[in-house]
Every structure is written in structure tokens, then in C-alpha cells.
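For reference, each letter of the sequence shown is one residue, going 2 to 100 in my numbering.
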Amino acid sequence: MGTKYRVSVCEPPVVCHDGPKITRTGARTEGLARYFTGEPCKYGHIDERYTSSTMCLRCERERHRSEAYHKWAANYQRSYLPEPSRRHNSKWQRVQEAA
Ligand SMILES: [Zn+2]
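Right, dumping it as C-alpha cells:
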């Protein structure tokens, strides 16, 4: 992680989410998938974060938009779903196939 996907750093931090704050430990205790501390991630996103990975939702979105991720995902899909008809008809895939 870190260098594989390029995510631009927001300076000053951008607020992507506002709401009740809960620590990762608190979210774990309550069985929540996400938590929110109000602190920016290392890329300057003030957003909810995944309890499992600590990755913020904004980073996740940026990562999914990156070309590197699309290439990786396309190869990954091909490796275990050889039949085109069995693939999910997602937006990024249509973009891939149109390219
Ligand atoms: Zn982030």
C-alpha cells in the first residue's frame, strides 16, 4: 500500500463527513464497519474510516478511480472469472472493455 495507488494529498484537509465521533475501538466494540474520529487521514481527508483497515472512505474512492487499480482489478477478475458472461457488469468494466 501507499505507493501502489496514487492518492493526492489534500492540503488543507477537506471535510468529507460530519457526524457523531466514535473511536475505532468503540466501533469494534459495537460491531460497526466504520468509525469517525474527526481527524484527517494522512492524505488530508476528514472522513469515516473502515474499522477493519483504518482506510478512510475518501481514500477508498480515490483508489477505485485510479488507473492502477482498474488495471489490477481487470487482471484480477480475469484470473478467476475467465468467462466474460460471468463477469459483473460494473461501470469500470465497461470502461475497460471500451478502451
Ligand atoms: Zn483519506
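Glycine included, every Cβ here is placed at the ideal spot set by N, Cα and C. Since this is a predicted model, take the numbers as computed values, not measurements.
Query	Result
Test item: CB-CB of residue 17 and residue 59 under 9 Å	yes
Residue 57 - DSSP class collapsed to helix/strand/coil	strand
Assigned exposure category for residue 8 - 16 Cβ within 10 Å defines buried	buried
For residue 46, the three-state DSSP class (helix, strand or coil)	strand
Nearest residue (CA-CA) to residue 12, options 80, 51, 43 and 48	43
Inter-residue spacing [alpha-carbon to alpha-carbon] between residue 37 and residue 54	13 Å
Best match in 48, 32 and 68 for proximity to residue 14 [C-alpha to C-alpha]	48
Counted within 10 angstroms of its Cβ, other Cβ atoms place residue 41 as buried (16 or more) or exposed	buried
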